[in-house]
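Residue numbers (this note's numbering): 3 to 254. First the structure, in the form of structure tokens, and then the observations on it.
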Ligand code: GDP
Ligand code: MG
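Given below as structure tokens:
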């Protein structure tokens, strides 16, 4: 048996979004069916215990620093030359259930725009990263998303648009870029976050949110499948007023 995860990765409440204007959902509680399922876990729902999360974006926007700030708790320390490394496994406990995120970072192939389809395939969440201090990296975010979506089912993937290097911008510059980023988030149905891997600002809150929303979506999908298997009328379980599973249909 694995030991429990670090205490700051034990999630008992739905973490807050960054901006209610650009959130996948604004509820502050987990879906009641998810809570109930976690109180009486069944063997056939174990497959929700791990989720693949991929990180995409232009070279140098800060993808590796974002992941390593969370996984190692430091900036540019143990900086991995990402060659050959597929993913980091980050462990959480959500509503008492062990849950892991497989965080996939590139090995620099984004420089040549030649990311293998296996990198994208089967992602449950996509983190599109841009540099808050470089406006053109936000323009490119849409292209990265389109590429990643070629290998994924839009109805079962959660999108996050993350602006990094918040520490480099003045509040005025930030406000200007954020306006555009929030607009794009709405359009692509993504949740927007602004963070700094250097100072750590927002990084942990962001990954706890990714873990919670991915976990919730996985459990709901699993419950739907097992209801169908049990011969019940096929029910479509939605996760709130904004049904992210349905509303991605016109994305990309
Ligand atoms: P990647 O190519 O997208 O993986 O980008 P990296 O994570 O390698 O970062 C590229 C450069 O941006 C490095 O020189 C980092 O030190 C710098 N960087 C990354 N995140 C931040 C941040 O939050 N603030 C600042 N000031 N610099 C950052
Ligand atoms: Mg990198």
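Ideal Cβ positions, reconstructed from N, Cα and C, are used throughout, including at glycine.
| field | Those residues which DSSP pairs with residue 106 across a bridge | value | 56 and 89
| field | Reference residue 214; option with closest CA among 9, 14 and 6 | value | 14
| message | For a minimum of 3 consecutive residues, which ranges assigned as the beta strand (DSSP E) are wholly contained in the stretch 143–191? | response | 160–166
| said: Am I right that residue 162 and residue 129 are in contact with their C-beta atoms under 8 Å? What's the rounded C-beta distance? | reply: 5 Å
| message | Quick check: the stretch 5–22 against the stretch 60–76, are at least 3 beta-carbon pairs closer than 8 Å? | response | no
| message | Could you pull the DSSP bridge partners for residue 101 from this structure? | response | 94
| query | Would you call residue 42 buried or exposed, if buried means 16 or more other Cβ atoms sit within 10 Å of its Cβ? | reply | exposed
| query | Is the Cβ of residue 53 closer than 8 Å to any Cβ of chain C? | reply | Included in the structure is just one protein chain, with no chain C present.
| query | Any idea what DSSP makes of residue 212, helix, strand or coil? | reply | helix
| field | Where residue 257 falls, given that 16 or more other Cβ within 10 Å makes a residue buried | value | Residue 257 is absent from the model: the chain starts at 3 and stops at 254.
| request: May I ask whether a heavy atom of the ligand GDP can be found less than 7 Å away from the beta carbon of residue 166? | output: yes
| field | Three-pair Cβ contact test at 8 Å for the stretch 86–100 versus the stretch 145–163 | value | no
| request: Starting from the Cα of residue 2, find the closest Cα among 179, 166 and 186 and give me that residue. | output: The first residue shown for the chain is 3 and the last is 254, placing residue 2 beyond what the model contains.
| With a Cβ-Cβ cutoff of 8 Å, do residue 196 and residue 154 count as a contact? | no
| request: Using three-state DSSP, classify residue 244 as helix, strand or coil. | output: Unreliable placement is indicated for residue 244, whose pLDDT of 46 sits below 50; no coordinate value is reported for it.
| In chain order, what residues of the same chain lie with their CB nearer than 6 Å to the CB of residue 30, ignoring the 5 residues before and after it? | 16
| task | Quick one: grab the DSSP three-state call for residue 72. | result | helix
| message | Using only the alpha-carbon positions, how far apart do residue 59 and residue 22 sit? | response | 24 Å
| Can you name, in chain order, every residue of its own chain whose Cβ lies under 7 Å from the Cβ of residue 88, other than the five neighbours on each side? | 106
| said: Let's test the definition: count the other Cβ atoms within 10 Å of the Cβ of residue 247 and tell me whether it reaches 16, buried, or not, exposed. | reply: Because residue 247 carries a pLDDT of 40, less than 50, the predicted location of this residue cannot be relied on, and no value is offered for it.
| message | To the nearest angstrom, how far is the alpha carbon of residue 76 from that of residue 91? | response | 17 Å
| message | For a test of the three-state rule: what should DSSP assign to residue 131, helix, strand or coil? | response | strand
| task | Quick one: using the 10 Å Cβ neighbour count with 16 as the cut-off for buried, is residue 174 buried or exposed? | result | exposed
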